[in-house]
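Data block below; observations after.
In our numbering, the protein residues as written are 50 to 214.
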């Protein structure tokens, strides 16, 4: 069989599977990055900081619909896999069903992961401390809060809105 024919056949097979409703398993990568203020934090494959909502307990997501527009969840399909990059504990990944879609949300140490709409480039941590409930997550599953040493001061404001915006 010619190489060209093999490629065409493989492409045709992939298209046929997708149109038949069979999802091809994909993989997303979550890795660690060093942040000068917060230490080793969890980021997506593009280097964007991942956050948790401290009001969410036991893997239950409360941030949906309008909240999820400001705090986009890290989503996967049922068949997608999460790959642990360097510094990440692969055994601590999980998934929870989203209440507002047919997708699943990636969890780390049981905590659903989100991005912040305020972070526009890799390395930003503009969602840190918002509403007193949104915090970057460290590679060991703890909240990533700025160190109390040095001159860094963090002001945390509270809001009656449970989603911190």
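Ideal Cβ placement from N, Cα and C applies to all residues, glycine included.
Computed from a predicted structure; not experimentally measured.
Straight-line gap, residue i to residue j (C-alpha atoms, nearest Å)
i, j, result
"residue 134", "residue 93", "9 Å"
"residue 109", "residue 161", "8 Å"
"residue 99", "residue 193", "10 Å"
"residue 185", "residue 101", "6 Å"
"residue 138", "residue 131", "11 Å"
"residue 126", "residue 78", "14 Å"
"residue 96", "residue 171", "5 Å"
"residue 159", "residue 86", "24 Å"
"residue 209", "residue 116", "Any reading at residue 209 must be qualified, since the residue scores a pLDDT of 43, below 50, and its modelled position is unreliable; the value itself is stated next. Spanning the two alpha carbons is a distance of roughly 14 Å."
"residue 140", "residue 190", "12 Å"
Beta-carbon separation (whole angstroms), residue i vs residue j, contact threshold 8 Å
i, j, result
"residue 84", "residue 174", "6 Å"
"residue 157", "residue 142", "6 Å"
"residue 165", "residue 120", "6 Å"
"residue 118", "residue 111", "Wrong, their Cβ atoms sit about 15 Å apart, outside the cutoff."
"residue 136", "residue 167", "Wrong, their Cβ atoms sit about 24 Å apart, outside the cutoff."
Proximity winner among the options, relative to residue i (alpha-carbon distances)
i, options, result
"residue 144", "124, 138, 136 and 137", "124"
"residue 107", "97, 146 and 172", "146"
"residue 122", "128, 114 and 129", "114"
"residue 129", "140, 154, 116 and 88", "154"
Exposed unless 16 or more other CB atoms sit within 10 angstroms - verdict on residue i
i, result
"residue 169", "exposed"
"residue 188", "buried"
"residue 176", "buried"
Minimum Cβ-Cβ distance from residue i to chain D less than 7 Å
i, result
"residue 126", "Note that chain D does not occur in the displayed structure, where there is just one protein chain."
*Is the segment 147-156 close to the segment 178-185, with three or more CB pairs under 8 Å?*
no
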